[in-house]
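Colleague:
2 protein chains.
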Amino acid sequence: MPVAKAKPAPKPAAPLELGGRRRLIEAALRLAAEKRGLQGIGLRELGREAGLNPNTFYRHFRDLDALYAAVVEEFGAEIGPALRNIRLNAPIEQVPALTTELVFDIAKQNPEAFIVGVRELHGALDSAREALRRRLTTLAQEMADDVLVRSPVPGLDEGLLRELARSIVEHVFLRTLDYLENPRQRAALVRRTALFIDSLLYGSVVVAARERAARRPIQQG
Amino acid sequence: MPVAKAKPAPKPAAPLELGGRRRLIEAALRLAAEKRGLQGIGLRELGREAGLNPNTFYRHFRDLDALYAAVVEEFGAEIGPALRNIRLNAPIEQVPALTTELVFDIAKQNPEAFIVGVRELHGALDSAREALRRRLTTLAQEMADDVLVRSPVPGLDEGLLRELARSIVEHVFLRTLDYLENPRQRAALVRRTALFIDSLLYGSVVVAARERAARRPIQQG
DNA sequence: CTTAAATGTAGACACTTGTATGCATGCCGT
DNA sequence: ACGGCATGCATACAAGTGTCTACATTTAAG
């Protein structure tokens, strides 16, 4: 097997049974997370990282945009059910911390996917932003639904709740980046994130009440 | 003046009095905002965008990291005093909306700086993240100080307030990206952002009260 | 006015890049 | 067993890259 003229960087020890496509996706995650983001990866570099010929790329992906789509598609794909399970079953006052712990656990298991996914949420790739936004919107809608089931609050606008859920989900995912960068601060991050969630939810009740009072100031007794 | 062999892309109409360094910084912002981020820019492409010879880059910057530092340094540099002016002088209930409006106005005047700055807040460049974090931390500390001046709340931990201020500043800056992408949604974004700020601040009072009650449940009468 | 510094440029070099063409091998379906 | 498909590879091409050396022009200081 002829050796490339470039200095032979040791190929990553990818599991033998992984197909080329899988290897390319995981190589892309590694490179994007530690370097310049998805778009900073050349496909020759990608091939090297995957242990494949650069041309093999075109056997699995039409172009780099197709690779980006595949990478982003995986982000946060299976996190929803686990979050809902906690929200619907755990003691209510523990839900913020427990759901944050879960997201942190999953991030720890898939650090590159989280780093890349969260960064691209506001990144330069239109299609990636759209796909990731849909993901977060879905998670937020599920959260709002669960909150209404467990803690029905009369007068709380469902749209408002969904709105705040969207901000909460975004916030928690951003915190995974802080956590991955400083694993020793996990406990503090969980505490602060839970506080954030509590503050936002309790505050929304206060704000809603104030708005109702502003609209009909005489109606209380 | 010899013409480059590459197809002659029209040079941007930069003000004639701008020096080379300034042109390079602004070219970097334009390219980073519309393409692949700071690290996706080659310095030949940068030179073309700035209307300069690629080698001129080395007359102003030691390397690309030095350029990145210069770009990031400018982000949000003068926004603090204007925000404080509003927080300390406007009617309290209007502060969230007015400060959000101000940030949106400044973002509209400097869209590329905001796009690049906010993205790099969680980007791949360690030094950029650090510099931007310091910027946001400073803005958050000023906000917390101003809130304590205008709305002193007995028992509200100052550390907690700073923490939430940090989340608020981050959230507002993220919303500038939404605004720049959809200028027609400005009013809705301002309303929602103001609601977020109110909810977080009011909620923190509720949460603090609940924590005090949990610690000494008998002390109230 | 002169000199030094600042700033811009041309040309060259070695290297990398994305992508095309064609070949090779293994697997799967008939 | 055979043909088609999937998958991997080698080679080549044109273009772009970062950075070097040396020269030129403008500006500023003495």
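Quick mapping for you: the protein sequence lines, in order, are chains F and G. At position 129 of the first sequence the residue is numbered 129 (the numbering used here), and the sequence of numbers has no breaks. Heads up: take any position in the second sequence, counting from 1, add 221, and you land on the numbering used here. Just so you know, even glycine gets a beta-carbon here, dropped at the ideal spot from N, CA and C.
#1: Sort F:ARG59, F:THR99, F:GLU112, F:ARG212 by Cα distance to F:ALA27 and report the nearest one.
#2: DSSP three-state call for F:HIS122: helix, strand or coil?
#3: F:GLY203 to F:LYS35, Cα distance in whole Å?
#4: Along chain G, in chain order, which residues have C-beta atoms closer than 7 Å to that of F:ARG119?
#5: Does F:SER127 come within less than 7 Å of chain G when only Cβ atoms are used?
#6: Measure the C-alpha to C-alpha separation of F:LEU121 and F:ARG129 and round it to an integer number of angstroms.
#7: Examine chain F for any beta-carbon lying closer than 7 Å to the beta-carbon of G:GLY241, and answer yes or no.
#8: Can you have a look at G:THR359 and say buried or exposed, based on whether 16 or more other CB atoms are within 10 angstroms of its CB?
#9: Can you list, in chain order, the residues of its chain with a C-beta nearer than 7 Å to that of G:LYS395? Leave out the 5 residues immediately preceding and following it.
#10: Is F:LEU161 closer than 7 Å to F:ALA246 when the C-beta atoms are compared?
#11: Against chain G, does F:ARG215 count as a neighbour if the rule is that its beta carbon must be under 7 Å from one of theirs?
#12: Specify whether the segment 367-381 of chain G and the segment 296-315 of chain G touch according to this definition: at least 3 beta carbon pairs, one from each stretch, less than 8 Å apart.
#13: I'd like the span of the alpha helix (DSSP H) that includes F:PHE196, first residue to last.
#14: Have a look at F:HIS171 and G:LEU385 and give me their C-alpha separation to the nearest angstrom.
#15: Considering Cα atoms alone, identify which of F:ARG212, F:GLU181, F:LEU195 is closest to F:VAL95.
#16: Out of curiosity, what's the CA-to-CA distance linking F:THR56 and F:GLY47?
#17: Give a yes or no on whether the minimum CB-CB distance between F:SER151 and chain G is below 7 Å.
Modeller: If we stick to the structure as given:
#1: With distances taken between CA atoms, F:ALA27 lies nearest to F:GLU112 out of F:ARG59, F:THR99, F:GLU112, F:ARG212.
#2: coil
#3: 39 Å
#4: HIS343, GLY344
#5: no
#6: 5 Å
#7: no
#8: exposed
#9: The identity of residue 395 of chain G in the sequence shown is Leu, whereas the question assumes Lys. Within the same chain, G:LEU395 has close Cβ partners VAL339.
#10: Absent from the model: residue 246 of chain F. The displayed extent of chain F is 1 to 221, so no value can be given.
#11: no
#12: Output reads yes: the segment 296-315 of chain G touches the segment 367-381 of chain G.
#13: 186-215
#14: Taking the straight line from one Cα to the other gives about 12 Å.
#15: F:LEU195
#16: 8 Å
#17: no
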